[in-house]
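Trainee: The structure follows.
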Amino acid sequence: MTVSNSPPHRRVRRQGPVTLRDKQIPATTTDQRLLDRRGPSDWVHTDPWRVMRIQAEFVEGFGLLAELGIAVSVFGSARSQRESPEYKLAEEISAGLVRAGYTVITGGGPGIMEAANKGAAEAGGVSVGLGIELPLESGLNDYVNVGVEFRYFFVRKTIFVKYSQAFVVLPGGYGTMDELFEALTLVATGKITMFPIVLVGSDYWAPLLDFLKNTMLGRGFIGASELALLRVVDDPEEVVKIIKEAHTDLEF
6 MTVSNSPPHR
16 RVRRQGPVTL
26 RDKQIPATTT
36 DQRLLDRRGP
46 SDWVHTDPWR
56 VMRIQAEFVE
66 GFGLLAELGI
76 AVSVFGSARS
86 QRESPEYKLA
96 EEISAGLVRA
106 GYTVITGGGP
116 GIMEAANKGA
126 AEAGGVSVGL
136 GIELPLESGL
146 NDYVNVGVEF
156 RYFFVRKTIF
166 VKYSQAFVVL
176 PGGYGTMDEL
186 FEALTLVATG
196 KITMFPIVLV
206 GSDYWAPLLD
216 FLKNTMLGRG
226 FIGASELALL
236 RVVDDPEEVV
246 KIIKEAHTDL
256 EF
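The opening position of the sequence shown corresponds to residue 6 in this note's numbering, with each subsequent residue numbered one higher.
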């Protein structure tokens with residue numbers, strides 16, 4: 006007599022690569038829920054459906070910018086006023102980048118982003134805006150001539166890095182710092198190469214640089230070569246010069 010050690014029969018459903026058993030099996034099938042409009046609609050907010058939205062955002066961003074050419078992203082505060090010195094500086098820098106053969110990419114919003122898009126557009130260049138869905142959203146500024154708006158920050162950040170060959174960072178807040186340290190981390194870990202990071206406005210950046218040098222470097226949390234990844238300038242022409250020198254082997 007053969008004794009079976011196998012468990013009693015259990016209900017099993019396979020949904021693509023997913024296996025469900027017992028009470029985890031839903032009462033309806035995936036295609037039934039898709040086709041039956043009378044059912045609940047909360048499934049469009051579940052994680053598997055979000056994966057599709059995330060994939061769609063990547064496809065949209067990659068497809069839009071695949072033939073963009075050599076580009077530089079310009080970051081800075083959305084709260085900078087049009088009469089502020091940094092607004093005018095962002096305009097001048099972006100115009101200079103266009104004359105040097107670069108496309109200009111920003112977050113597409115107001116403040117420094119608007120100034121950079123304006124400088125690029127009025128210089129006859131390609132002015133790109135990568136917007137983000139926010140509770141108090143203002144949409145893309147009027148100087149963007151190629152734009153896309155994202156739901157997810159991490160998708161947007163990937164597109165920034167993938168299609169930029171340099172970052173220019175003017176005075177800004179949390180969002181600006183987020184992009185700055187994202188770029189520094191990726192360069193320091195070798196994830197991206199030939200990627201100059203230029204800080205504009207020595208007075209604004211001096212306290213941060215002091216902290217990086219005296220505290221982080223002083224305690225051995227970063228190395229001297231990592232601190233040297235940052236270039237600090239005040240002159241718009243110097244910004245363009247630094248970026249051009251880093252890209253001598255790139256084709257424009």
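Ideal Cβ positions, reconstructed from N, Cα and C, are used throughout, including at glycine.
Within its chain, find whatever has a CB closer than 7 Å to the CB of Glu65; leave out the 5 residues flanking it on each side and keep chain order.
Mentor: Val153
Trainee: State the DSSP-derived secondary structure class of Ser78, mapped to helix, strand or coil.
Mentor: strand
Trainee: Can you tell me which residues form a DSSP beta bridge with Glu242?
Mentor: DSSP lists no partner for Glu242.
Trainee: Return helix, strand or coil for Glu138, following the three-state DSSP convention.
Mentor: coil
Trainee: Grouping DSSP H, G and I as helix and E and B as strand, with all else coil, what is Thr7?
Mentor: Residue confidence is low: Thr7 scores 47 on pLDDT, short of 50, so the model does not pin down where it sits. No coordinate-derived value is stated.
Trainee: On the CB-based measure, 16 or more other CB atoms within 10 Å of its CB, does Thr56 come out buried or exposed?
Mentor: Per the sequence shown, residue 56 should be read as Val rather than Thr. Its Cβ having fewer than 16 others within 10 Å, Val56 is exposed.
Trainee: Express the C-alpha separation of Ile59 and Ser11 in angstroms, rounding to a whole number.
Mentor: Note that Ser11 scores 48 on pLDDT, short of 50, meaning its location in the model is unreliable; the coordinates nonetheless yield the value given after this. For Ser11 and Ile59, the distance between alpha carbons rounds to 41 Å.
Trainee: My understanding is that Gly116 touches Gly136, with C-beta atoms under 8 Å, so please give their C-beta distance in whole angstroms.
Mentor: Actually they are not in contact, since the Cβ atoms of Gly116 and Gly136 sit about 13 Å apart, beyond 8 Å.
Trainee: Can you tell me the Cα-Cα spacing of Phe216 and Asp208, whole angstroms?
Mentor: 14 Å
Trainee: Run through the DSSP bridge pairs and tell me what Val133 is partnered with.
Mentor: Ile110, Val151
Trainee: Is it buried or exposed for Met118, if we count other Cβ within 10 angstroms and need 16 for buried?
Mentor: buried
Trainee: Would you give the residue range spanned by the beta strand (DSSP E) that Leu73 belongs to?
Mentor: Careful: Leu73 lies outside any beta strand (DSSP E) and carries neither H nor E.
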